[in-house]
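Student: Got a structure here, written out as C-alpha cells. Questions coming.
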Amino acid sequence: MDVVAFLGSLDVATIFLTSAISLVFLKIVQRAIRGPRKKLPPGPWRLPVIGSYHHVRGGPRHHRISDLAKQYGPVMMLKMGQTPTLVVSSPELAREIMKTQDANFAQRPDHPAAEVVLYGCSNITFSPVGAHWKLLRKMCALQLVNAKSIRKFQGLRDKEALSMIWELQEHARCSSEPVNLTDKIFRTIFDTVSKAAYGENYEARDHLFFISEKLMSRSSFEMGICDLFPKQKWLTKITGTKAKWESLVNVMDPILDKIISSTKVAPSGFIEGEADNLLSALLRVMEDGGLTISQVKAVMLDMIFGGTETSSSTADWALSELLRKPKLMKRAQDEVRQVVSDNKGCMNETTIESMKYLKAIVKETLRLHPPTPFLVPREAIRTCEVNGYTIPAGTEVHVNIWTIMRDPKYWSSPEEFLPDRFLNLNIDFKGFNFEYTPFGSGKRICPGMLLGVASVECMLTRLLYHFDLELPPGTTPETLDMTDTLGFTMKRKNPIIVIPRIPS
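Numbering (the numbering used here), first residue to last: 6 to 509.
This is the structure:
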C-alpha cells in the first residue's frame, strides 16, 4: 500500500489525533534538549523589530518607564530593538544588582556614540572592568576625588566661585536686568574641574568649553535606530551618525593635543596623589607604557562630562527648588550668613560642614532630581536569576533610581521638596542605603561624587551669602517652570533666569 492510499484509508479524526500527538512529542523532545523554559520578568507587549520602544515614546523617558514599572512591578523586562533591557525599581532589587551580584552586573553595554567620541570606550565610565579600569579608578581617586585631594583644591573652588560672584555683583550694581544663572554656574564649575584636572591653559580650555557645550546639547539621549540595534555597526554609517560623531572628535582632538603638549609630565617615581594635576599623572603613566594617548584623552573627557554637567545641573535644581519656596530660601540664607558671621567672615569647607540645612538641601535635590534617573546602564555578564526570574547574559540593566527615590513606601510626601527629612535621617549618598543611591553603588559607583557635592555646596553657599535672588517680572514661585529634560544628565529644560540683588 502506498502512502496516499494509506492516508486515504484513515479518517480525519485519526489524522488529526496522530498529528497532535506528534507535535506534543516534538515539543517534549525540544524542551528536553533546551532544558526547562526560562521564566523571564513581566513586561509590556512588543512589536516586531522595535520591541518595546513604542512604550517609552510620547514623553520623558524616565516618566514613561516609571509609569510602566508601576504597572508591571519592580522587576520588568523591555526589549529595546534587539536589546533585552531589565528595569529594577525597588531598593531590594537595586541591592541585588549593585551589591549581591555586583560582579556579574559590572559590565557596560555597547554604546555606539561612546565608542567613537570616547576613544573606544577607554574612559572610566564605559571601560570594561579589568586592569585598565582599575588603574584609571585608582589614579582618579588618588589625584582628584579623595578627601585629601578635595581639600587640596578647596582654594581653586573658592577662587572660581568668587570670580562668578564678583561678576554678578558688578552686574547688580549697574543693572536690574535678569541674568542667566544656569550658564554662569555651568561655566564656573567647568573652569573649576578643568583646572583641577588639566591645570592652566586658558585658550585651549575656552575651546574645550565651547565643544563641551555643543556635545551636551547634542546628547538628547532620545533613543534612535543606532541605539536600538547597537551591534549593527553598519547602521551608524548609513544613517550618517558615525560621521557626525567623528566630525566632533576631529574638532576636539587638536584641542586635547594642545592641552597635553602644554602640560608638564609628572617626574618618574612621583608619589601618587602628589602630581600637579590628574593629566600630569596620566602622562607619566603613558610615558612609562601604562596608557595610550587615546586612553588619556578619554579620561580627560570623562572629567568634563562627569564632573561638570552633573554638578552644575544639581546646583541648578537646588536653586530652582529654593526659588519656588521663598521660606526655605530665607532659612538657607539665614543659616549660611549666621555660620559665616560666627566664623568672623570665613567661608570655606570647614564652615560649610556646620551648615546642616544646606547639606540637607543638596541631599534632597539629589533625591528629587538625580543627575541620571537610571544611573549608567549595566550589562549581565552571565545568565543569572533575579527575584526568581531568569536574566539572560547580555541583558542591559537599568536601576530606576528616579522611581525608587520617589517611592511613597520609603519616602513621606515623595513628590515634595522637603530638606528637613534629611536633618534627622541617618542616610547618605555613598551607596550603602539602596533607597537613596543618586551616585550608584558597588564597583560602578560614581568616583567623583565627593568632588561633585563639594562643588555644589561651594556654589550654593556663595550665592546664598552674597545675593538675594529674585525671579524676573512675570514669573512667580508658583509659575516657575520646573520641566526636566533627559540629556547627558537630567537637567532643567529651560535655564534659571534671576535678578541678583546685593543684600543691604
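We put the beta carbon where it would ideally sit given N, CA and C, even for glycine. Fair warning: this is a prediction, and the values are worked out from it, not measured in the lab.
I'd like to check one pair, Ile102 with Arg383: are the Cβ atoms closer than 8 angstroms?
Tutor: Yes, these two residues count as a Cβ contact at 8 angstroms.
Student: Give the list of continuous beta strand (DSSP E) stretches no shorter than 3 residues that lie fully inside the stretch 387-470.
Tutor: 389-391, 394-396, 401-404
Student: So what does DSSP say about Leu288, is it helix, strand or coil?
Tutor: For Leu288, the three-state secondary structure derived from DSSP is helix.
Student: With 16 as the cutoff for other CB atoms within 10 Å, does Lys238 come out buried or exposed?
Tutor: exposed
Student: Using a Cβ-Cβ cut-off of 8 angstroms, state whether Asn255 counts as contacting chain B.
Tutor: Of the chains in the structure shown, none is chain B; there is only one protein chain.
Student: So what does DSSP say about Lys43, is it helix, strand or coil?
Tutor: coil
Student: Could you give the C-beta distance for Gly445 and Gly436, rounded to a whole number, given that I count them as a contact under 8 angstroms?
Tutor: 6 angstroms
Student: For Glu205, does the three-state DSSP call read helix, strand or coil?
Tutor: coil
Student: Quick check on the DSSP output: what are the complete beta strand (DSSP E) runs of length 3 or more inside the stretch 274-355, in order along the chain?
Tutor: none
Student: Can you confirm whether the stretch 344-358 touches the stretch 483-491 when touching is taken to mean that 3 or more C-beta pairs between the two stretches lie within less than 8 angstroms?
Tutor: no
Student: Secondary structure at Arg62, three-state DSSP: helix, strand or coil?
Tutor: DSSP places Arg62 in coil when its eight states are reduced to three.
Student: Determine the extent of the beta strand (DSSP E) in which Val93 is found, giving its start and end residues.
Tutor: Residue range 88-93 is occupied by the beta strand (DSSP E) that includes Val93.
Student: Name the two residues that bound the continuous alpha helix (DSSP H) containing Lys364.
Tutor: 361-373
Student: To which residues of the same chain is Gly311 closer than 6 angstroms at the C-beta, ignoring the five residues directly before and after it?
Tutor: Gly453
Student: Would Ser316 and Val134 be called neighbours here (beta carbons separated by less than 8 angstroms)?
Tutor: Contact flag unset, no.
Student: From which residue to which residue does the alpha helix (DSSP H) around Asp512 run?
Tutor: This structure gives no information on residue 512, because the portion of the chain shown stretches from 6 to 509.
Student: Using 8 angstroms as the threshold, is the stretch 322-340 in touch with the stretch 364-384, meaning 3 or more CB pairs across them?
Tutor: yes
Student: Across the stretch 56-67 and the stretch 82-90, are there enough close Cβ pairs to call them in contact, namely three or more that are closer than 8 angstroms?
Tutor: yes
Student: Should Cys179 be labelled buried (16 or more other beta-carbon atoms within 10 Å of its own) or exposed?
Tutor: exposed
Student: DSSP three-state label for Val121, please.
Tutor: helix
Student: Do Leu123 and Ala303 have their C-beta atoms within less than 8 angstroms of each other?
Tutor: yes
Student: Looking at the unbroken beta strand (DSSP E) that takes in Pro505, where does it start and where does it end?
Tutor: Looking at the DSSP string, the run of the beta strand (DSSP E) that includes Pro505 is 502-506.
Student: Just to confirm before moving on: does the CB-CB distance between Ile265 and Ala459 stay below 8 angstroms?
Tutor: no
Student: Please report the distance separating the alpha-carbon of Lys200 from that of Thr268.
Tutor: The straight-line gap from Cα to Cα measures roughly 11 angstroms.
Student: Under 6 angstroms Cβ to Cβ from Ala271, same chain only, skipping five residues before and after it: list those, please.
Tutor: Ala280, Ser285, Ala286, Arg289
Student: How far does the beta strand (DSSP E) with Asp473 in it reach, from first residue to last?
Tutor: 473-475
Student: Which same chain residues, not among the five before or five after Asp412, have their C-beta less than 7 angstroms away from its C-beta?
Tutor: Pro419
Student: Measuring straight from C-alpha to C-alpha, what distance separates Pro331 and Asp196?
Tutor: 30 angstroms
Student: Excluding five sequence neighbours on each side, which residues of the same chain lie with their C-beta closer than 8 angstroms to the C-beta of Leu455?
Tutor: Val150, Asn151, Ala152, Ile155
Student: Which residue from Lys189, Ser181, Asn185 puts its Cα closest to that of Ala166?
Tutor: Lys189
Student: So for Ser24, helix, strand or coil by DSSP?
Tutor: For Ser24, the pLDDT reaches just 49, beneath the cut-off of 50, and the residue's location in the model is therefore unreliable, although a value from the coordinates is still provided. Residue state, collapsed to three classes: helix.
Student: What does DSSP give as the partner residues of Gly56 in its beta bridges?
Tutor: Its beta-bridge partners are Leu52, Met85.
Student: Could you name the residues of the same chain whose beta carbon sits closer than 6 angstroms to that of Glu340, not counting the 5 residues immediately before and after it, in chain order?
Tutor: Counting only Cβ-Cβ distances below 6 angstroms, and skipping sequence neighbours, we find Met360, Tyr362.
Student: What is the rounded straight-line gap between the Cα of Thr481 and the Cα of Arg329?
Tutor: 8 angstroms
Student: Under three-state DSSP, which class holds Met495?
Tutor: strand
Student: To the nearest angstrom, how far is it from the Cα of Gly399 to the Cα of Asp211?
Tutor: 40 angstroms
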